[in-house]
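Engineer: Quick one: the structure is below, and I'll ask about it shortly.
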Amino acid sequence: MSTMPVISARNLDLVFQTGDGSVQALSDITLDIEKGEFVSLIGPSGCGKTTLLRVIADLEKPTAGSITVNGTTPENARLDGAYGYVFQQAALFPWRTIADNVALPLEIMGLGAEEKASRIKRNLDLVNLTGFEKKFPWQLSGGMQQRASIARALAVEPDMLLMDEPFGALDEIVRDHLNEELLKLWATTKKTVVFVTHSIPEAVYLSTRIVVMSPRPGRIHEIIDCDLGDDRPLDIRETPEFLRIAHQVRDGLREGHSDEA
Amino acid sequence: MIAFRPNWQAIAAFLAGLASLVALPFTATMETGASLLVTVIVVGASVLSMLKLRPAVEAVILAVASHGAAWLLIGGLEDAFGTATFGYFASLAAAWLLAWRLVTVLSEMKLTSVTAQRTVSLIVPAIFGIWILILWEALTRGGGVPFVLLPPPSSIGARIVTSTNILAADFVQTVLKAVFIGYLIGTLSGFVVAVLADRFRFLAAGLLPIGNMVAALPMIGIAPIMVIWFGFDWHSKAAVVVVMTFFPMLVNTLAGLAATGHMERDLMRTYGASHWQVLGKLRLPVAMPFIFNALKINSTLALIGAIVAEFFGTPVVGMGFRISTEVGRMNLDMVWAEIALAAVVGSLFYGLLALAERIVTFWHPSYR
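These protein sequence lines are chains A and B, in that order. What the first sequence shows, in the numbering used here, is residues 1083 to 1343, in sequence order. What the second sequence shows, in the numbering used here, is residues 12 to 379, in sequence order.
Structure follows, in structure tokens:
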């Protein structure tokens, strides 16, 4: 079964009922994501990229179509701890130290003290936060807080990371740095990553595949392969190959928007 | 060369001090010499205060002069109740203005060490409090205010010292029994019902509108009914306290449990956390500032409830009982002694809760 995709969505629809009528957030989404891929969902606001991620995470239910995660329903996958979810904000609990924040999912899983301690240490190490275990979240910068939240997602030891514009609230310098670290992390852990962003350079720099989405209704406009290889220093962003893919993504976004220009 | 630095308190004190000379001696029992001494102290200190002295030196001069003058003035009253002249009040005003100047000098001092800053931040309110007592004492006794209207603090203090047994018994009856037990039952049950109402939506849907309404009602009105139901002893007073504290706790806890952000709840959902895990690890900590708010509101309500409920029937002990019977006997000093006791108990209760809040919600933006 190794060839079976980790995430497989077929003709997904999702309609939100709101105060002034219904909104079609997702329309006819069909997408397969293979194990070990780094897939970015990109598009303007309202294109349903975050909604699609939330459907994968079982935080929203589709109104039509089918989806499997790890070969089972999203709900089962969620309860199995199949993924770690990183939100737009770090969402650390201010009454817990950094170490205790990372311990939060482990407590819910009911792990023993020893296993907990070793996972906290390993994952804080992975995001370069060793030495900050006893600090409280508000004593850390925004970038460090988001790194701690990534460590928290990784501590579950999931096969999959679902990331919803995790660096959107950070300045560009911190963002570049965290992008680089995330790539290293992905290269060493070989996890499947689904990454929501509205930044073209970020999507091209990180991804193996880029899903370009367009709004009203939220749908997939185009899927672009992004084969820049595994070794991606930051200055790869000045190479012709990188610029070509970025251009292709930009064209795709523009076409998806053309009907309302 | 002497540099002058006039300030309006010192100028006013200087003028008031001089004005007091038109009516010597100040009281029937105060000698002219002692009266003159007061005038010399306040006028002298006001002149010194206008010189460009070091703030610390000026503060010491002002502290000694204002409090020394006040001491002499109050001492000069002795039994001369209500015989104070214009000069008495003028020099009292002068001493008070010097104390005002003293507080101003202290608050403007540039202090580098933390202990010095902390000391000053304690001294300033202490001077305020002392001067409320000084003015109260000097005005009631000097001006001959009838005892029933407002007894001087010295006789209230004397009454507290001679009546410690009565006050202790009243404290046990009202605070340790009615307030403490009622508060515990009322807030605990309000909390438990809130947690259950949050779990079972129909409870919240029905209870919250009623709770909001009842929390705004003056629940003290049910005190006579509680006396009929639970008898004259402390049980009926505790019942009033239970009813008064229940709904504020319920309403605040429900509001606190609803204060959790979507992202944090989604996060717990991704972990597949159970309702009680989400409650214990996320929603109760978030609700803590709301819960402490209710605990603090309730500490005041409980004391009011227990004291006032005793007006409607009680055994011959208790703070509310004492207040209502001693008022009838014109023993206003005993009434004020009970009020002072209630003030101390209320402040300590509230202060302890505020301290606990600081420790528990150390992470809240208003404390960190």
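Positions of the beta carbon are idealized from the N, C-alpha and C atoms, including for glycine. Note that the structure is predicted; figures quoted are calculated from it, not measured.
Counting beta carbon pairs with one atom in the segment 298-318 of chain B and one in the segment 1192-1205 of chain A, are three or more of them shorter than 8 Å?
Structural biologist: no
Engineer: Relative to the C-alpha of B:Ser310, which candidate in B:Arg340, B:Tyr361 and B:Met345 has its C-alpha closest?
Structural biologist: B:Tyr361
Engineer: Mind checking B:Met274: buried by the 16 CB within 10 Å criterion, or exposed?
Structural biologist: exposed
Engineer: Return the CA-CA distance between B:Gln365 and B:Lys307, expressed in angstroms with no decimal places.
Structural biologist: The residue asked about is misnamed: residue 365 of chain B is Ala in this sequence, not Gln. One C-alpha to the other measures close to 7 Å.
Engineer: Candidates B:Thr185, B:Ser166 and B:Val262: which alpha carbon is nearest B:Ala208's?
Structural biologist: Minimum Cα distance to B:Ala208 is reached at B:Val262.
Engineer: So B:Leu278 contacts chain A; which residues on that side make the cut at Cβ distance below 8 Å?
Structural biologist: Tyr1167, Phe1169 and Ala1173
Engineer: For B:Leu293, would you say it is in contact with chain A, using Cβ-to-Cβ distances shorter than 9 Å as the test?
Structural biologist: For B:Leu293, the closest Cβ of chain A is nearer than 9 Å.
Engineer: Out of B:Trp19, B:Gly357, B:Ile167 and B:Val328, which one is the CA nearest neighbour of B:Ser57?
Structural biologist: Ranking the options by Cα distance to B:Ser57, first place goes to B:Trp19.
Engineer: What do you reckon, are the CB atoms on B:Pro259 and B:Ala226 nearer than 9 Å?
Structural biologist: yes
Engineer: Nearest to B:Val355 by alpha carbon, out of B:Arg369, B:Phe332, B:Leu314 and B:Arg340?
Structural biologist: B:Leu314
Engineer: Can you list the residues of chain B that A:Pro1176 reaches, using a CB-CB cut of under 7 Å?
Structural biologist: The contacting residues are Trp374.
Engineer: Taking only the alpha-carbon atoms, compute the straight-line gap between B:Val114 and B:Trp82 and give it to the nearest angstrom.
Structural biologist: 18 Å
Engineer: With which residues is A:Asp1307 paired in a DSSP beta bridge?
Structural biologist: A:Arg1291
Engineer: Determine, for A:Asp1140, whether the minimum Cβ-Cβ distance to residues of chain B falls below 9 Å.
Structural biologist: yes
Engineer: Give me the residue from B:Pro376, B:Leu108 and B:Val68 with the minimum Cα distance to B:Ala80.
Structural biologist: Checking every option, the nearest Cα to that of B:Ala80 belongs to B:Leu108.
Engineer: What does the alpha-carbon distance come out to for the pair B:Val32 and B:Ala24?
Structural biologist: A small correction: the amino acid at residue 32 of chain B is Leu; Val does not occupy that position in the sequence shown. C-alpha separation (whole angstroms): 13 Å.
Engineer: In chain order, what residues of the same chain lie with their CB nearer than 6 Å to the CB of A:Pro1219, ignoring the 5 residues before and after it?
Structural biologist: Leu1174, Pro1176 and Gln1227
Engineer: Would you call the CB atoms of A:Val1088 and A:Gly1163 closer than 9 Å?
Structural biologist: For the pair A:Val1088 and A:Gly1163, the CB atoms are not nearer than the 9 Å cut-off.
Engineer: In angstroms, rounded to a whole number, what distance separates the CA positions of A:Leu1096 and A:Ser1122?
Structural biologist: 20 Å
Engineer: How about B:Pro296: is its C-beta nearer than 9 Å to some C-beta of chain A?
Structural biologist: yes
Engineer: Taking 6 Å as the limit between beta carbons, can you name the residues of its chain near A:Gly1132, skipping five residues before and five after?
Structural biologist: Position check: residue 1132 of chain A holds Thr in this sequence, whereas Gly was assumed. Asp1246 and Val1278, listed in sequence order.
Engineer: Report the start-end ranges of each beta strand (DSSP E) in the segment 1084-1127 of chain A that is 3 residues or longer and not cut off at the edges.
Structural biologist: 1089-1100, 1103-1115 and 1120-1124
Engineer: Would you kindly work out how many angstroms separate the C-alpha atoms of B:Ile145 and B:Val346, rounded to a whole number?
Structural biologist: 20 Å
Engineer: I want to verify the contact list: residues of chain A whose CB lies under 7 Å from the CB of B:Glu284, in sequence order.
Structural biologist: Per the sequence shown, the amino acid found at residue 284 of chain B is Ala instead of Glu. Those within 7 Å of B:Ala284 in chain A are Ile1190.
Engineer: Along chain B, which residues have their Cβ under 9 Å away from the Cβ of A:Leu1123?
Structural biologist: The premise fails here: A:Leu1123 is roughly 17 Å from chain B at the closest Cβ pair, so nothing lies under 9 Å.
Engineer: What separation, rounded to the nearest whole angstrom, lies between the Cα atoms of B:Thr185 and B:Asn176?
Structural biologist: 14 Å
Engineer: Among A:Ala1251, A:Ile1202 and A:Leu1244, whose alpha-carbon lies nearest the alpha-carbon of A:Ala1230?
Structural biologist: A:Ile1202
Engineer: Grab the span of the beta strand (DSSP E) containing B:Ala105 for me, first residue to last.
Structural biologist: Where B:Ala105 is concerned, there is no enclosing beta strand (DSSP E), although the alpha helix (DSSP H) it sits in stretches over Phe97 to Glu119.
Engineer: For A:Ile1302, which residues of its own chain have a beta-carbon under 7 Å away from its beta-carbon, when the five flanking residues on both sides are left out?
Structural biologist: Ile1111, Leu1113, Val1293 and Met1295
Engineer: What is the C-beta distance between B:Ile221 and B:Val251, in whole angstroms, given that I count them as a contact (C-beta under 8 Å)?
Structural biologist: In fact, because the Cβ distance is near 19 Å, the residues do not count as touching under 8 Å.
Engineer: Apply the 10 Å Cβ neighbour rule to A:Asp1353 and answer buried if 16 or more other Cβ atoms are within range, or exposed otherwise.
Structural biologist: With chain A covering only 1083 through 1343, there is no way to say anything about residue 1353 of chain A.
Engineer: Would you report the Cα separation of B:Arg369 and B:Arg16, rounded to the nearest angstrom?
Structural biologist: 44 Å
Engineer: Are the segment 264-273 of chain B and the segment 238-245 of chain B in contact at 8 Å, needing three or more beta carbon pairs?
Structural biologist: no
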